[in-house]
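K.L.:
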Amino acid sequence: NAGVTQTPKFQVLKTGQSMTLQCAQDMNHNSMYWYRQDPGMGLRLIYYSASEGTTDKGEVPNGYNVSRLNKREFSLRLESAAPSQTSVYFCASQTGSGANVLTFGAGSRLTVL
Amino acid sequence: RKEVEQDPGPFNVPEGATVAFNCTYSNSASQSFFWYRQDCRKEPKLLMSVYSSGNEDGRFTAQLNRASQYISLLIRDSKLSDSATYLCVVNNRGGSYIPTFGRGTSLIVHP
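Chains as they are written, first to last, in this note's numbering: chain A, 1 to 113; chain B, 114 to 224.
1. Provide the residue(s) that pair with A/Gln6 in DSSP beta bridges, ordered along the chain.
2. Give the DSSP bridge partners of A/Lys57, in chain order.
3. Could you tell me which of B/Arg172, B/Ala180, B/Cys153 sits nearest to B/Ala142, measuring between CA atoms?
4. Is A/Gly105 close to chain B? Criterion is C-beta to C-beta, closer than 8 angstroms.
5. Which one of A/Asn30, A/Gly16, A/Tyr89 has the shortest CA to CA distance from A/Thr54?
6. With DSSP collapsed to three states, give me the class of A/Gln85.
7. Name, in chain order, the residues that DSSP records as bridge partners for A/Asn78.
8. Could you round the C-beta distance between A/Leu76 and A/Thr15 to whole angstroms and report it? I think they count as a contact, below 8 angstroms.
9. For B/Asp152, name the three-state secondary structure that DSSP assigns.
10. Determine the contact status of A/Arg44 and A/Tyr35, defining contact as a CB-CB distance below 8 angstroms.
11. Figure out for me which residue from B/Pro224, B/Thr213, B/Ile221, B/His223 has the closest Cα to the Cα of B/Trp148.
12. Any beta-carbon of chain A closer than 8 angstroms to the one on B/Leu160?
13. Which residues of chain A have a Cβ atom closer than 8 angstroms to the Cβ of B/Arg216, listed in chain order?
Spelled out as structure tokens, the structure:
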């Protein structure tokens, strides 16, 4: 059982380049999330999808777009990368009930030069 | 004011010590509470849920105080392997459940 799978694990971009982080879960979870983690800042929510077909902004959505492609997949796109987007990105999913826990992917380390 | 606040530490304790962390939250409508553990450069993983009556899992005890809006984590008989960052997570209901993280408390257990 793979859980939550994120790709790529590492990526280096130049300023202005675009890229998409992929996330897939095989647990039949309804809700999926994208967080970024920076030193001293904890995990901050970028976007989330409460169910297939819906997406909403989190705390730090600027510079990002998302797509909930189907129940399994939730992608995060950087249209024009900036150095401020250098971070570790985590995808997570949960069933959608508030009492249930988050399962995280292993993370994607992105560096924007 | 950040919605979920934690002392970043680090808490530097010897093996065998007892250590406690607190986490305060600002949204009185918060509905569920968790402690996660994160090892360096790894993803967070659930340590334990926090129930209103308090709960224990081996050396770990979690408490919730709704009146004062804080949760706590107590670790007894600390092990070297307990060294990690401990993240407080609060689920708020805003149409859907949105997990909000504290910045984490760093624990270093030394021999």
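Virtual Cβ for every residue (Gly too), placed ideally from N, Cα, C.
P.N.:
Inspection of the coordinates gives the following:
1. Translated into positions along the first sequence, residue 6 of chain A becomes position 6. DSSP lists A/Cys23 as partners of A/Gln6.
2. Sequence index remark: in the first sequence, residue 57 of chain A carries index 57 (1-based). BP columns for A/Lys57 point to A/Tyr47.
3. Along the second sequence, read from residue 1 onward, the residue named residue 142 of chain B stands at position 29. For the residues B/Arg172, B/Ala180, B/Cys153, the minimum Cα distance to B/Ala142 belongs to B/Ala180.
4. Sequence index remark: in the first sequence, residue 105 of chain A carries index 105 (1-based). Yes, because at least one Cβ of chain B sits closer than 8 angstroms to the Cβ of A/Gly105.
5. For this step, residue 54 of chain A is matched to residue 54 along the first sequence. Answer by Cα proximity: A/Asn30.
6. Translated into positions along the first sequence, residue 85 of chain A becomes position 85. The answer is helix: DSSP assigns A/Gln85 an H, G or I state.
7. Start at 1 with the first residue of the first sequence, and residue 78 of chain A comes out as number 78. Checking the displayed sequence, the identity of residue 78 of chain A turns out to be Leu instead of Asn. Bridge partners of A/Leu78: A/Met19, A/Tyr64.
8. As a first step, residue 76 of chain A is located in the first sequence; it is residue number 76 there, counting from the start. As a first step, residue 15 of chain A is located in the first sequence; it is residue number 15 there, counting from the start. About 18 angstroms; that fails the 8 angstroms criterion.
9. Within the second sequence, the letter at position 39 stands for residue 152 of chain B. Of the three classes helix, strand and coil, the one that applies to B/Asp152 here is coil, per DSSP.
10. Walking along the first sequence from the start, residue 44 of chain A turns up at place 44. Walking along the first sequence from the start, residue 35 of chain A turns up at place 35. Yes. Within cutoff.
11. Taking the first residue of the second sequence as 1, we reach residue 148 of chain B at position 35. For the residues B/Pro224, B/Thr213, B/Ile221, B/His223, the minimum Cα distance to B/Trp148 belongs to B/Thr213.
12. Locating residue 160 of chain B in the second sequence gives position 47, where the first residue counts as 1. For B/Leu160, the answer is no, since every Cβ of chain A falls outside 8 angstroms of its Cβ.
13. Here residue 216 of chain B corresponds to residue number 103 of the second sequence, with the count starting at 1. Near B/Arg216 (Cβ distances below 8 angstroms), the residues of chain A are Gly40, Met41, Gly42.
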